[in-house]
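A.B. asks: Can you read through this structure? Questions will come right after.
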Amino acid sequence: MQAAIFVAVEKYADSQRIKDVKYAEAGARQFAAVLEQHGFGPADRELLMGGEATKTALESVLRTTLKRLTAGDTLFLFYAGHGFSRGGENYLTCHDSRLADLELTSIPLQTILRQLQQSSCQRIVLFLDSSSTGLLASELLRGSYGNWDDAELEAFFGSAEQRVCFAACQAGESSHSSSELQHRIWTHHVIQAFDGRNRTALQGTRLTAASLQNYLAAAVPATLKKTDPSAVQTPRRYGAAAGDFLLADMEEVFAHRKAARHPLAGQVKDSILLKELVVSVRSFPGFAKGYSVPDSHNSRAQAFIHELAAADIEEDAQRVRAALKREFRFTRLQLSVKNHGEGAATVTTPYFNYNVSVEQAPQDPGSVLWKRTVDAIKDPDKILSDQFGSVFAQAFDTVELSLHDHVNLDQLIDAIEALDSDEIDVDYDHDENVDSCVVAIQGYKVSIQVTRDTFSIVHPTVQSPKVLVQSLFDIQLALTEKHKVLAIPFAAVDSHATGEP
Numbered sequence: 137m138q139a140a141i142f143v144a145v146e147k148y149a150d151s152q153r154i155k156d157v158k159y160a161e162a163g164a165r166q167f168a169a170v171l172e173q174h175g176f177g178p179a180d181r182e183l184l185m186g187g188e189a190t191k192t193a194l195e196s197v198l199r200t201t202l203k204r205l206t207a208g209d210t211l212f213l214f215y216a217g218h219g220f221s222r223g224g225e226n227y228l229t230c231h232d233s234r235l236a237d238l239e240l241t242s243i244p245l246q247t248i249l250r251q252l253q254q255s256s257c258q259r260i261v262l263f264l265d266s267s268s269t270g271l272l273a274s275e276l277l278r279g280s281y282g283n284w285d286d287a288e289l290e291a292f293f294g295s296a297e298q299r300v301c302f303a304a305c306q307a308g309e310s311s312h313s314s315s316e317l318q319h320r321i322w323t324h325h326v327i328q329a330f331d332g333r334n335r336t337a338l339q340g341t342r343l344t345a346a347s348l349q350n351y352l353a354a355a356v357p358a359t360l361k362k363t364d365p366s367a368v369q370t371p372r373r374y375g376a377a378a379g380d381f382l383l384a385d386m387e388e389v390f391a392h393r394k395a396a397r398h399p400l401a402g403q404v405k406d407s408i409l410l411k412e413l414v415v416s417v418r419s420f421p422g423f424a425k426g427y428s429v430p431d432s433h434n435s436r437a438q439a440f441i442h443e444l445a446a447a448d449i450e451e452d453a454q455r456v457r458a459a460l461k462r463e464f465r466f467t468r469l470q471l472s473v474k475n476h477g478e479g480a481a482t483v484t485t486p487y488f489n490y491n492v493s494v495e496q497a498p499q500d501p502g503s504v505l506w507k508r509t510v511d512a513i514k515d516p517d518k519i520l521s522d523q524f525g526s527v528f529a530q531a532f533d534t535v536e537l538s539l540h541d542h543v544n545l546d547q548l549i550d551a552i553e554a555l556d557s558d559e560i561d562v563d564y565d566h567d568e569n570v571d572s573c574v575v576a577i578q579g580y581k582v583s584i585q586v587t588r589d590t591f592s593i594v595h596p597t598v599q600s601p602k603v604l605v606q607s608l609f610d611i612q613l614a615l616t617e618k619h620k621v622l623a624i625p626f627a628a629v630d631s632h633a634t635g636e637p
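Residue numbering for the sequence shown follows the working numbering, beginning at 137 and increasing consecutively.
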């Protein structure tokens with residue numbers, strides 16, 4: 137059996153004198169959700185948030201949980217809130233802690249450790265995202281309370297093999313939060329480790345006491361440096377002396393993720409999402425009275441269009457940047473906009489790039505071709521995520537796959553024509569020197585365009601990214617499985633579906 141207790145004290149009843157603990161509840165909720173994939177079901181998890189995180193409630197939940205645990209069971213106890221020291225004794229605050237009677241309305245750490253010691257449960261993991269430096273709303277009162285003293289943790293966990301405590305910072309330091317992450321920094325990285333999202337936190341597929349602490353010791357200061365370069369936060373570990381104390385094994389989690397992926401999902405990394413739109417030069421706000429519409433294709437006309445579109449290009453890139461920042465919670469260093477000049481800009485993210493450009497329309501010198509793409513895809517899961525779909529819900533109508541080998545277009549056309557089927561047809565401009573063709577399959581209201589190096593699905597209207605990607609998979613399978621058209625060199629194996637982050 138295993139059990140987990142999550143206590144997050146973000147806002148205090150005595151809020152005028154005790155500071156809020158930003159993002160405490162968000163971290164506890166997400167950590168609880170992540171533990172579900174490690175076998176902690178709803179009945180195994182107790183969450184005390186907001187007004188429920190009282191002293192009485194915490195004492196009761198801890199007491200009743202420990203009563204049902206035996207020697208072979210495991211307890212995870214997570215606390216996010218203020219801690220303080222008075223007279224050499226450490227305390228954890230609760231929602232109903234009051235500054236006028238802070239010691240008696242908070243829980244002594246020693247009380248919790250004594251209950252843990254007296255219980256039958258031997259495998260105990262304590263997570264403390266707590267510090268005393270941000271406790272008081274009034275700095276005038278700071279002298280009444282001391283910094284956290286880690287002597288109690290050292291004494292309890294000491295050289296224990298089956299008990300371990302992870303603390304967000306050492307005595308005298310603050311545990312910091314990040315508005316970019318919308319999380320407390322240390323808790324964020326604990327969650328990332330248990331979710332298997334960073335391989336450096338693991339030994340193979342195993343998350344151990346040593347591997348988690350090594351990861352936190354490197355990741356927390358690195359993230360904090362982006363938030364506040366002058367701040368210091370040193371994660372600590374107490375106990376689990378051997379270091380190989382197993383916290384979680386990601387093998388089944390990775391296997392489940394691999395099984396859940398579409399077998400062709402790896403092809404997304406070789407694809408771009410695309411939308412081209414032709415508009416009149418006159419449609420630009422900068423097209424002033426007295427300007428002439430270009431009547432021929434030349435460098436002067438192209439430069440004129442680039443100048444007209446400069447403000448619109450910048451506005452488009454910044455709009456997408458803001459939306460990506462909001463949905464993915466990217467940090468400042470993860471997200472950048474580069475205006476290339478000459479009618480083009482790129483928004484760069486860790487997972488993909490967004491590009492916007494304009495040029496004189498090839499078929500009409502008085503029109504402008506807008507082109508928007510997402511390319512350089514590194515993580516297909518992000519393209520299929522709700523966050524990506526929210527940003528680009530009405531942005532693209534085409535998905536284009538770059539092929540790893542050239543298409544023999546003559547062979548492709550001959551193979552389709554040889555089928556002599558009403559369910560599939562192919563169109564092309566010339567009988568010789570064919571450089572592209574369009575395939576039509578009954579039941580699919582799209583244009584399937586094939587060149588020597590690309591395979592594109594063009595929808596008649598804009599579609600969500602998930603619909604575009606699914607159409608790539610569906611039509612590919614219709615060609616190869618149903619109609620046995622094998623002349624297009626699709627990748628047969630999903631190189632992305634490794635089950636790893």
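Where is the CB? At the ideal position from N, CA and C, for every residue including glycine.
Measure the CB-CB distance between residue 389 and residue 332 and report whether it falls below 8 Å.
C.D. replies: Yes; because the gap between Cβ atoms is below 8 Å, this pair is in contact.
A.B. asks: Roughly how many angstroms separate the alpha carbons of residue 378 and residue 291, rounded to a whole number?
C.D. replies: Cα to Cα, the separation comes out at about 17 Å.
A.B. asks: So the beta strand (DSSP E) residue 170 belongs to, where does it begin and stop?
C.D. replies: Residue 170 -> not in any beta strand (DSSP E); alpha helix (DSSP H) instead, spanning 160 to 171.
A.B. asks: So, under 8 Å CB-CB, residue 218 and residue 300 are touching, yes? Tell me the CB distance rounded to an integer number of Å.
C.D. replies: The pair is not a contact, with the Cβ atoms about 23 Å apart (cut-off 8 Å).
A.B. asks: Output the distance between the C-alpha atoms of residue 265 and residue 525, rounded to the nearest integer angstrom.
C.D. replies: Between residue 265 and residue 525, the C-alpha separation is close to 33 Å.
A.B. asks: Could you tell me the boundaries of the beta strand (DSSP E) in which residue 254 lies?
C.D. replies: Run containing residue 254: none in the beta strand (DSSP E); it sits in the alpha helix (DSSP H), 245 to 254.
A.B. asks: Taking contact to mean 3 or more Cβ pairs, one atom from each stretch, closer than 8 Å, check whether the stretch 420 to 432 and the stretch 201 to 212 are in contact.
C.D. replies: As far as the Cβ criterion goes, the stretch 420 to 432 does not touch the stretch 201 to 212, which means the pair count is below three.
A.B. asks: Which of the three DSSP states, helix, strand or coil, is assigned to residue 580?
C.D. replies: Coil at residue 580, not helix or strand.
A.B. asks: Pair every Cβ in the stretch 407 to 416 with every Cβ in the stretch 531 to 547, then say whether three or more of these pairs are closer than 8 Å.
C.D. replies: Contact holds: three or more Cβ-Cβ distances are below 8 Å.
A.B. asks: Given this structure, state the Cα-to-Cα distance separating residue 278 from residue 506, to the nearest angstrom.
C.D. replies: Unreliable placement is indicated for residue 278, whose pLDDT of 44 sits below 50; no coordinate value is reported for it.
A.B. asks: So is residue 163 buried or exposed if we call it buried at 16+ other beta carbons inside 10 Å?
C.D. replies: With 16 or more Cβ atoms within 10 Å of its Cβ, residue 163 is classed as buried.
A.B. asks: Roughly how far, in whole angstroms, is the beta-carbon of residue 479 from the beta-carbon of residue 441, given that I think they are within contact range, below 8 Å?
C.D. replies: Yes, residue 479 and residue 441 are in contact; Cβ-Cβ is about 7 Å, under 8 Å.
A.B. asks: Look up residue 602 in the DSSP assignment and say whether it is helix, strand or coil.
C.D. replies: Three-state DSSP puts residue 602 in a helix.
A.B. asks: Hey, how far is the Cα of residue 173 from the Cα of residue 610?
C.D. replies: Their backbone Cα atoms lie some 30 Å apart in a straight line.
A.B. asks: According to the Cβ coordinates, are residue 404 and residue 519 closer than 8 Å?
C.D. replies: Against a cut-off of 8 Å, the Cβ pair of residue 519 and residue 404 comes out as a contact.
A.B. asks: Pick helix, strand or coil for residue 138, following the three-state DSSP scheme.
C.D. replies: If DSSP states are grouped into helix, strand and coil, residue 138 belongs with the strands.
A.B. asks: Just to confirm, is the Cβ distance from residue 310 to residue 321 under 8 Å?
C.D. replies: No, the pair does not count as a contact, with Cβ atoms beyond the cut-off.
A.B. asks: Would residue 245 and residue 141 qualify as a contact pair, given that the criterion is a beta-carbon distance under 8 Å?
C.D. replies: No, the Cβ-Cβ distance between residue 245 and residue 141 is not below 8 Å.
A.B. asks: Using the C-alpha atoms, what's the distance from residue 552 back to residue 451?
C.D. replies: Each residue's alpha carbon lies about 46 Å from the other.
A.B. asks: Is the beta carbon of residue 154 closer than 8 Å to that of residue 211?
C.D. replies: Not closer than 8 Å, so no.
A.B. asks: Are the CB atoms of residue 501 and residue 419 nearer to each other than 8 Å?
C.D. replies: For residue 501 and residue 419, no; Cβs fall outside 8 Å.
A.B. asks: Just to confirm before moving on: does the CB-CB distance between residue 243 and residue 195 stay below 8 Å?
C.D. replies: Result yes, Cβ atoms of residue 243 and residue 195 sit closer than 8 Å.
A.B. asks: Under a Cβ-count criterion, where at least 16 other Cβ atoms within 10 Å of its own Cβ denotes burial, should residue 617 be classed as buried or exposed?
C.D. replies: Burial call: exposed.
A.B. asks: Name the DSSP beta bridge partners of residue 257, please?
C.D. replies: Paired residue(s): none; residue 257 is not in a bridge.
A.B. asks: What is the C-beta distance between residue 236 and residue 296, in whole angstroms, given that I count them as a contact (C-beta under 8 Å)?
C.D. replies: At roughly 37 Å, the Cβ-Cβ gap does not stay under 8 Å, so residue 236 and residue 296 are not in contact.
A.B. asks: Look at residue 305 and residue 369 and say whether their C-beta atoms are less than 8 Å apart.
C.D. replies: Yes; because the gap between Cβ atoms is below 8 Å, this pair is in contact.
A.B. asks: So, is residue 641 buried or exposed, given that buried needs 16 or more other C-beta atoms within 10 angstroms?
C.D. replies: For residue 641 there is no data in the structure shown, the boundaries of the chain being 137 and 637.
A.B. asks: DSSP has residue 219 in a bridge; who is on the other side?
C.D. replies: Its beta-bridge partners are 228.
A.B. asks: Could you have a look at residue 544 and say whether DSSP puts it in helix, strand or coil?
C.D. replies: Coil.
A.B. asks: Can you list, in chain order, the residues of its chain whose CB lies under 7 Å from that of residue 385, leaving out five sequence neighbours each side?
C.D. replies: So the list reads 341 and 342, once near-sequence residues are dropped.
A.B. asks: What does the alpha-carbon distance come out to for the pair residue 490 and residue 509?
C.D. replies: Using only the alpha carbons, I get a separation of about 6 Å.
A.B. asks: Based on the DSSP output, what are the partners of residue 532 in its beta bridges?
C.D. replies: Paired residues: 599.
A.B. asks: Which residue spans inside the stretch 325 to 409 form an unbroken alpha helix (DSSP H) run of at least 4?
C.D. replies: Segments of the alpha helix (DSSP H) lying fully in the stretch 325 to 409: 345 to 363 and 387 to 396.
A.B. asks: Count the other CB atoms within 10 Å of the CB of residue 148; is the residue buried (16 or more) or exposed (fewer)?
C.D. replies: Buried.
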